[in-house]
Each structure stands twice: as structure tokens, then as C-alpha cells.
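Asks: Dropping the structure in here first, questions after.
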Amino acid sequence: MSSADSTEIVKTDDSSLTSDLDKSLSDSISKKFSNVEIAYVKPDRIRVNVKKEEIIAVASFIRDELHFDHAESVGGVDYPEDKQIEVVYHLGSYTDPSLSKHILALATRAPREDVPRPGNDSTILPSLRDIFPSVSFHERECFEMLGVYFDGHPDNRRLLLPEDWADIPPLRKDFRIKGR
Amino acid sequence: MVDDLVIPKKSGGLTMIDKINTHNVNVFVGKLGDILYKVVDKPLGMAINWGRLWSLWPVHIETACCSVEFGAASGPRYDVERFGIIEAFGSLRQCDLVVVQGTITRKMAPRLRLVYDQMPEPKYVIAMGACAITGGLYFDSYNVLPGIDGILPVDVYVPGCPPRPETLIQGCILLQEKIKRMKPR
Amino acid sequence: MSSHVYPKEKEIFPGLQLEKVDDRIMTLNVGPQHPGSGHMRIILKVDGDYIVHCDPDPGYVHRGEEKMAEYRNYITNIPHLERPVIHDSCNILYPYCLGVEELLGLEVPERAKYLRVIAAELNRCVYTQYWLAIYGIFLGHSTMFMWPMGDRELVIDLLDKMTGARVTHAYFVPGGVRNDLPPNFEDVCLRQVNYFEKRLKEYADIFYDNPILISRTKDTGILSREDAIKLGTTGSVLRASGVDFDIRKKEPYDVYEELDFQTNVLKEGDSYARSKIPWLDMFESCRIIRDALKKMPKSGSVRVKLKPNPKGGDTEVYRRVESGRGSLGMHIISRGKPQPYRLKISVGSFRNLIAMPHLLTGEMLGNMPAVYWSLNYWPVEADR
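Protein chains in written order, with this note's numbering: chain A, 1359 to 1538; chain B, 4 to 188; chain C, 14 to 397.
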């Protein structure tokens, strides 16, 4: 279970539950961008893995053509064995009534360094703030919790942690909490 | 004129003046408690304590989720004002009670101490909830203090997660009992 | 009544912003100890009476829930996950339980689904009443603190009977609810909910039709429909700006699609509309509770048995529900261990916080409490 390739998400075989809309959404993304990997298509949930160079283009396409207009959550996940940190944007739509049930997870990965220096190392991702303004506080939280610097975000400051926080970002897996 | 009001060094180091009769005015200088306690002796000292314990003003500082039950305690059903604990108040200078309502995080701790330091004497502290006592459910969290007794002198501990309003009221009554037995300051 | 309250002040603000005279601008810290701030600090820059810059500084109750969840298994995660909103604890556990059920492949009994809906709606009333009470006291309306605080105790009594605790219920577990109803609960619940609804109607006389409240909240902090969508706000803030989006309707979970209720939408997008939507939602909650009590199976199991330390597969789920503050999502990543690999809680308060600098900039300082608390914001939840 804990082998190195377990970050690859199992594709569901249950294709009977997924609607035509799910398939057409994922098809339109994979048709437009050849490098994009559709991780799974579950009922109302699609996950798209993209390279970090492409994420701006894919996100713009998702906003303009597929009408997803806001981010529900931005969560960072640390994968120390892959030496990567993943950031997952869960996107939803208010304007398109047919998409109101759907959540599109847009995931990208940044390289991870063993000794993090947040903001000064190679853990950098392009910010999606210009495309989805709703991610601005979520990305700030992701920066302090995982040390992912968002390039192009004007406000990469600390949000929740104390001002004198001198430890490594707490949601990294090598940050151990006391007694555990 | 101010020089007339300088406290004379009496034997025994008392920081008070019985009566200065300058410019035909009677002036007392010093802490009210000290003056009355020394001058009129014990019975009036008890009266000062009596006055204090029926007008405890908690600071309006909410630190975590126990503030929900604190709010309920000042609501109509529990109504702590019956017991002389007036509901939370904004100005620190007029308050004499800090009810630490739950978890103190590392970001909040310096602010809480600052609030406490700005309050005039005498002041009392109630630690409300398991988090304020030992860290509670968040004993292993990276951002939570294991109890507030490291930063504040606590008078009464009110256990519970969160304590029911009855428990908080009982804690307040215990504090009043304690004040009754205190030497007036 | 509405349009002539502060029209001129709104227009002169851009002119003030152009003046770059530094000593005119004063920095003002509101909080964390302030009657109008709650558990957070708002750093305001004011020019006279006008707020020219607003920088919310949350995190005073950041307790690291997401990190703690990685060290606890799926069942022992329940108590600490409900602590961010103890007065809405059923709703914050709802997406977690739905997600874990999807991970573990559990099928919830029919009666448990109805019990969950009843508990969640009662809890929404408890939350909204508390919010309304604080909103009242923020605006200096002491009666509006006392009334909701008193009526809230009725609903708390019901939940106390149902779950055994005043606020921290821990009632939802993956696979159902913790215990069945006490005997004769349905009658008591129906009677108290009817009385509660009657009381709610009286709030209009004292609060919502009050000219002082209207003049303080109408046309302050206007969030347009486009901005509400762009900023990704949720819940009552979104619905007050004219977007018809309620997850109970749009993505029905458990038995919400069988129940009879409607979504309240207002077009104005000002503080008054934002303060009115949760109140209107409580009427819908009463409707849902009555309907659910009628349609609920009268007997049956309420919980499926779980193995100790259940393990999820190598997958991830994202489930969301409509809480008192809007959409509440849980992103659970499982990697075949009894503990989640990562648990991301996406809360409505944090998403509505993004609207705060947008709304407060250009507003008068005196309107700050009216705008701030109308965002239906609970700082403890936002900090997690």
C-alpha cells in the first residue's frame, strides 16, 4: 500500500454512474491539452492532473470554456517519497446551472526540498489568483502551511500561523507533532 | 501645591496619609483598600471585598469556542447577572475579571498577557474549559498552549469541553467565595 | 427609506483615495480584544471616517485540526473536528461522515438519514440564533441579543434530548448516528418547533422592520452578483447577492431531495439582505424538520456496525454540505491506512472572509460591525 507509486489515483471502473456531462467535460479538456492526465471521472467529480507550466492555460480554459467560476478549496498535499508537493484546486460553478453539482479538481505538483526555505527555494507554483480571484486567501494559507510559493500572488504573507513561527511549514509530513 | 501632597514616610512604611490639612481640604492619597483597611481596620475591609464580589466585570475577550457557552450564560435562561457578574465589557480599564474562554494559541498568548497586564488591580482569572486548563483535546496540536497557568495566575478552574453554563456560574460563585476570604488589596 | 441613507458619502470616496497624504491615514487595530471583533484582528487604515484599506488577520484560534486529523483514525477524528463550530457541530461533521462512508463503502440506514437531517436542521437553527444574537449586540440592540439567546435554548433542549449534549453532540458517526431518539421525542419536537417558528415571526417587529436597523444596514457593504461569484463567497452571502445556490437543493445529500423546502434569494446584496437570509432560512429549517418527522420511518436501525480501525482504499473524496455559513467541504485523501493521509476542511467562513476587504474598503468606520458580522463569519471555524 505504501509503495512509491501509490500517489497515482485508482481510476473508477463504475462508468454506469457517470453522466454524459462528466464525460464530455473530461473529453473537452483532454482534447484541447494533450499532456493533461484525467485522473478519474466519478459521478460529479473530475480530477485533472496538469504540469505546472500548463496550469495557467488549463485554468483559463476551464474558466472560459467550461464555465467553472470559483474555487471551493485549495489544499496542499505533501508527498515526501516523490519529493513533490501537490496543490489541488477544487473548482465549482455558480453561473452554469447544469454544472452546479460538479466539482473539478485541478491538481498540479511542485518540487519539494528537504530543507524548506519558504519563498526562497524551488517550491514555486504559478498563482491562479488572476484567473480565480477566490483563491487568494487559500493560496496564502497553502504558502504558510506547506511552503509553496505562489509566483504572481501579490500577497504571499502569513495568514494563520503566529508571526514568530520559525519551524518548517506544519503540514509537511516531516513536521511531527509532539508525542506522536 | 503638589509638594504638599507628597506622602510622608511614616514608620512602618505605610503608603498612605491619614489626613492632610492643607488649603483647608481633606485629601487622602494611596490605594483605597490600603487606606480603609489600615484606618478603619477589618470590618470595612470586608465591606470592600463585599463590594467587589458583587460587581465582577469580565473583559470581552473571546479566545475560542467556549465563548458560545459564555454567551449562553449571559443570555436570559442562565443570566449570570443574577450573581453579580456583569456581562462581558469592552474597556479593560474598568474590568477586574478575565474569563479565558478556551484554547489559547501561540498567536493569542502574548495578546492575552497584554490584556491582563493592562487591567488595574485587583484582577481575577477564571480558566474556562479543558483547553484553558491543560490543552484539552488539543494536547498534541502544534499551536496550542498546554494550559494558561504558565502565563496567567489562575484563580478558578472550570472544567468541561465546553463547560455547561451552570458550571461556569458555579465557577464564578467559587471565585466570589474566594474573594470574600481574601485580604483586601 | 432605503436609497437616501448614505448616497453622497459613497461617491466622494474615490476622490479621497487619490490623495496620497500619509499623515491623513491612520492605522486602526480592531481586535483581538474588542467587542466588535470576535476572535480576530482587522487592521484598518482610516481616512477620517472612511476605511481606505482593510487587512483581516485571522489565526488567533488556529489549532491545527488538519494536522491532528492525520494522526487519528476515522472514528477518533470526530470529537475534535466538531470543535471549530461547536454550535453547528452536526453540520461540520456531516461532510466528514459522508466522505468516510464513501471511502469505506458504507450504506446508511434510512431512519438514520432522517435523523441526520433533523439534527442538522436543528443545529442550523442553533447556530443562526447565536449569530443573530451577536449581530444584535454588535449593532447595540440588546433585545436582539436576549431574544435569540432565549429561544435558542429551546432548540438546544431538543438536541440535548436527542444527543445527550448541549452543544458538542458528536452525534454523527460514519455509518449513521450514534443513538436512536428518546421515546416521545417526535411530539415534543413538533410542539417546540411550532412555538419556535411563532417566535421567529416576532423578530420582524423588533429587528427586521426596525427603522434604526434598516438605516444602519441598508446600502452598506454592497456585494454585487458578479463580485459574489468571482470572490467565491458562499451561503447566505451568496444568496443575498441574488445567486440561487443551496447545496441542499443543487447537490442533495441523504434525504434532502424528498423534503419540501425552498431556497431564499434576495437581490440587494447589502448588509440588510445578508442579515435577513439566515433568518428566512430558519423558517425553511422548521419546514424541513416537520416534513422529516412526518416522512421518517418509525422504526429501524440507525447505525451500521463498523470494524475497529476501518481502513480506506487508495482513493480520495470531496464531499460538501450546506452548513449554517454556506458550503462546507471535506477533501479526504486515504492511502490504505486507518488514518486519513490528508484532510482538508474547506469552510464557508474562510471563503466569506475574502469578501471582507472588498466590502469594507470605502465603507464608513461606523458601519464596520454591521458589514463584518453580516458576512456570517465564525472566526474559530475559519482558523480551524
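Each residue gets a CB set at the ideal place from its N, CA and C atoms; glycine is no exception.
If you're wondering where the values come from, they're calculated on a predicted model, not measured in any experiment.
#1: Return the first residue and the last residue of the beta strand (DSSP E) that C:Met343 is part of.
#2: Starting from B:Thr66, find everything on chain C with Cβ-Cβ shorter than 9 Å and list it in chain order.
#3: Please name the residue or residues paired with A:Lys1400 in a DSSP beta bridge.
#4: Give me the residue from C:Glu271, C:Leu226, C:His75 with the minimum Cα distance to C:His154.
#5: So who's on the other strand from C:Asn104, going by DSSP bridges?
#6: In whole angstroms, what separates the C-alpha of C:Val43 from that of A:Lys1381?
#7: Identify each residue in the segment 130-150 of chain B for which the Cβ-Cβ distance to at least one residue of chain E is less than 7 Å, and report them in chain order.
#8: Residues in its own chain within less than 8 Å of C:Gly282 by CB, not counting five upstream and five downstream?
#9: Report the neighbours of C:Ala146 on chain B: residues whose CB is nearer than 9 Å to its CB, in chain order.
#10: Pick from C:Leu152, C:Val315, C:Val360: whose alpha carbon is nearest that of C:Arg191?
#11: Using beta carbons (cut-off 8 Å, strictly below), is A:Pro1512 in contact with chain C?
#12: Expressed to the nearest angstrom, what Euclidean distance is found between the alpha-carbon atoms of A:Phe1533 and C:Asn86?
#13: Rounded to a whole number of angstroms, what is the C-alpha to C-alpha distance between C:Leu41 and C:Trp160?
#14: Thinking C-beta only, is B:Gly138 closer than 8 Å to B:Pro149?
#15: Which residues mark the beginning and the end of the beta strand (DSSP E) in which B:Cys134 is found?
#16: Judging by CA-CA distance, which residue of B:Cys69, B:Arg109, B:Leu140 is the nearest neighbour of C:Val98?
#17: Return the CA-CA distance between A:Asp1440 and C:Ser359, expressed in angstroms with no decimal places.
#18: Does DSSP put B:Met111 in a helix, a strand or coil?
#19: Going by the beta-carbon positions, is the gap between A:Ser1388 and A:Val1394 smaller than 8 Å?
#20: Applying the criterion that 16 or more other CB atoms from any shown protein chain within 10 Å of the CB defines a buried residue, is A:Arg1467 buried or exposed?
#21: Give the residues of chain C in contact with B:Val161, contact being defined as C-beta atoms less than 7 Å apart.
#22: Work out the CA separation of C:Asn223 and C:Asp232 for me, nearest whole Å.
#23: Nearest by alpha-carbon distance to C:Leu272: which of C:Val278, C:Arg261, C:Cys138 is it?
#24: Suppose you measure from the CA of A:His1496 to the CA of C:Leu194; what does that come to, to the nearest Å?
#25: Give the straight-line distance between the Cα atoms of C:Lys110 and C:Val186, rounded to the nearest whole angstrom.
#26: Have a look at B:Cys175 and C:Asn104 and give me their C-alpha separation to the nearest angstrom.
#27: Taking Cβ-Cβ distances shorter than 9 Å, what residues in chain B pair up with C:Tyr143?
#28: Hey, is C:Ile105's beta-carbon within less than 8 Å of any beta-carbon in chain B?
#29: In chain A, what lies closer than 7 Å to C:Val113 by C-beta?
#30: Going straight from the alpha carbon of A:Ser1418 to that of A:Glu1502, what length do you get?
#31: How about B:Arg116 and B:Ile154: are their beta carbons less than 8 Å apart?
#32: Could you give the distance in angstroms between the alpha-carbon of B:Pro166 and the alpha-carbon of A:Arg1475?
Replies: Short version:
#1: As a position in the third sequence, residue 343 of chain C is number 330, starting the count at 1. Residues 339-346.
#2: The sequence position of residue 66 of chain B within the second sequence is 63, counting from 1. Under the 9 Å cutoff, chain C gives Pro45, His52, Tyr73, Val74.
#3: Walking along the first sequence from the start, residue 1400 of chain A turns up at place 42. BP columns for A:Lys1400 point to A:Arg1403.
#4: On the third sequence, residue 154 of chain C is found 141 positions in, with the first residue counted as 1. Closest by alpha carbon: C:Leu226.
#5: Residue 104 of chain C sits at position 91 when you count from the first residue of the third sequence. Answer is none; C:Asn104 lacks a bridge partner.
#6: To locate residue 43 of chain C, count along the third sequence from 1; it is residue 30. To locate residue 1381 of chain A, count along the first sequence from 1; it is residue 23. Each residue's Cα considered, the two are about 50 Å apart.
#7: No chain E is present in this structure, whose protein chains are A, B and C.
#8: By one-based count along the third sequence, residue 282 of chain C stands at place 269. For C:Gly282, where only same-chain residues beyond five positions count, the Cβ hits under 8 Å are Ile235, Leu236, Ser237, Arg238, Ala241, Ala253, Ser254, Gly255.
#9: If you number the third sequence from 1, residue 146 of chain C lands on position 133. Under the 9 Å cutoff, chain B gives Gly74, Gly78.
#10: On the third sequence, residue 191 of chain C is found 178 positions in, with the first residue counted as 1. Of C:Leu152, C:Val315, C:Val360, the residue nearest in Cα terms is C:Val315.
#11: Here residue 1512 of chain A refers to the residue found at position 154 when the first sequence is read from its first residue. Judged by the 8 Å Cβ criterion, A:Pro1512 is not in contact with chain C.
#12: To locate residue 1533 of chain A, count along the first sequence from 1; it is residue 175. To locate residue 86 of chain C, count along the third sequence from 1; it is residue 73. Rounded to the nearest angstrom, the two C-alpha atoms are 19 Å apart.
#13: In the third sequence, residue 41 of chain C corresponds to position 28, counting from 1. In the third sequence, residue 160 of chain C corresponds to position 147, counting from 1. For C:Leu41 and C:Trp160, the distance between alpha carbons rounds to 33 Å.
#14: Start at 1 with the first residue of the second sequence, and residue 149 of chain B comes out as number 146. Start at 1 with the first residue of the second sequence, and residue 138 of chain B comes out as number 135. Yes, the Cβ-Cβ distance between B:Pro149 and B:Gly138 is below 8 Å.
#15: As a position in the second sequence, residue 134 of chain B is number 131, starting the count at 1. Element bounds for B:Cys134: not the beta strand (DSSP E) but the alpha helix (DSSP H), 133-137.
#16: Here residue 98 of chain C is taken as the residue at index 85 of the third sequence, counted from 1. Comparing Cα positions, the closest option is B:Cys69.
#17: If you number the first sequence from 1, residue 1440 of chain A lands on position 82. If you number the third sequence from 1, residue 359 of chain C lands on position 346. Computed Cα separation, rounded: 26 Å.
#18: Along the second sequence, read from residue 1 onward, the residue named residue 111 of chain B stands at position 108. If DSSP states are grouped into helix, strand and coil, B:Met111 belongs with coil.
#19: Position 30 of the first sequence, counting from 1, holds the residue named residue 1388 of chain A. Position 36 of the first sequence, counting from 1, holds the residue named residue 1394 of chain A. It is a contact, given that the beta carbons lie within the stated cut-off.
#20: Numbered from 1 along the first sequence, position 109 holds the residue referred to as residue 1467 of chain A. With 16 or more other Cβ atoms within 10 Å, it is buried.
#21: Locating residue 161 of chain B in the second sequence gives position 158, where the first residue counts as 1. None at all; the shortest Cβ gap to chain C is about 15 Å.
#22: Locating residue 232 of chain C in the third sequence gives position 219, where the first residue counts as 1. Locating residue 223 of chain C in the third sequence gives position 210, where the first residue counts as 1. Taking the straight line joining both Cα atoms gives about 15 Å.
#23: The count along the third sequence starts at 1 and reaches residue 272 of chain C at position 259. The shortest C-alpha separation from C:Leu272 is found at C:Arg261.
#24: Along the first sequence, read from residue 1 onward, the residue named residue 1496 of chain A stands at position 138. Along the third sequence, read from residue 1 onward, the residue named residue 194 of chain C stands at position 181. Approximately 40 Å between the Cα atoms of the pair.
#25: Translated into the one-based positions of the third sequence, residue 110 of chain C becomes position 97. Translated into the one-based positions of the third sequence, residue 186 of chain C becomes position 173. It should be pointed out that residue 110 of chain C corresponds to Cys in this sequence rather than to Lys. Distance between the alpha carbons of C:Cys110 and C:Val186: 6 Å.
#26: If you number the second sequence from 1, residue 175 of chain B lands on position 172. If you number the third sequence from 1, residue 104 of chain C lands on position 91. Taking the straight line joining both Cα atoms gives about 32 Å.
#27: Within the third sequence, residue 143 of chain C is the residue found at index 130, counting from 1. In chain order: Val71, Gly74, Ala75.
#28: One-based indexing of the third sequence puts residue 105 of chain C at position 92. Not one chain B Cβ lies under 8 Å of C:Ile105.
#29: Start at 1 with the first residue of the third sequence, and residue 113 of chain C comes out as number 100. Here the premise fails: no neighbours, minimum Cβ distance about 16 Å.
#30: Translated into the one-based positions of the first sequence, residue 1418 of chain A becomes position 60. Translated into the one-based positions of the first sequence, residue 1502 of chain A becomes position 144. Answer to the nearest angstrom: the Cα atoms are 26 Å apart.
#31: Position 113 of the second sequence, counted from the start, is the residue given in the question as residue 116 of chain B. Position 151 of the second sequence, counted from the start, is the residue given in the question as residue 154 of chain B. Yes, the pair counts as a contact, with Cβ atoms nearer than the cut-off.
#32: Taking the first residue of the second sequence as 1, we reach residue 166 of chain B at position 163. Taking the first residue of the first sequence as 1, we reach residue 1475 of chain A at position 117. Each residue's Cα considered, the two are about 42 Å apart.
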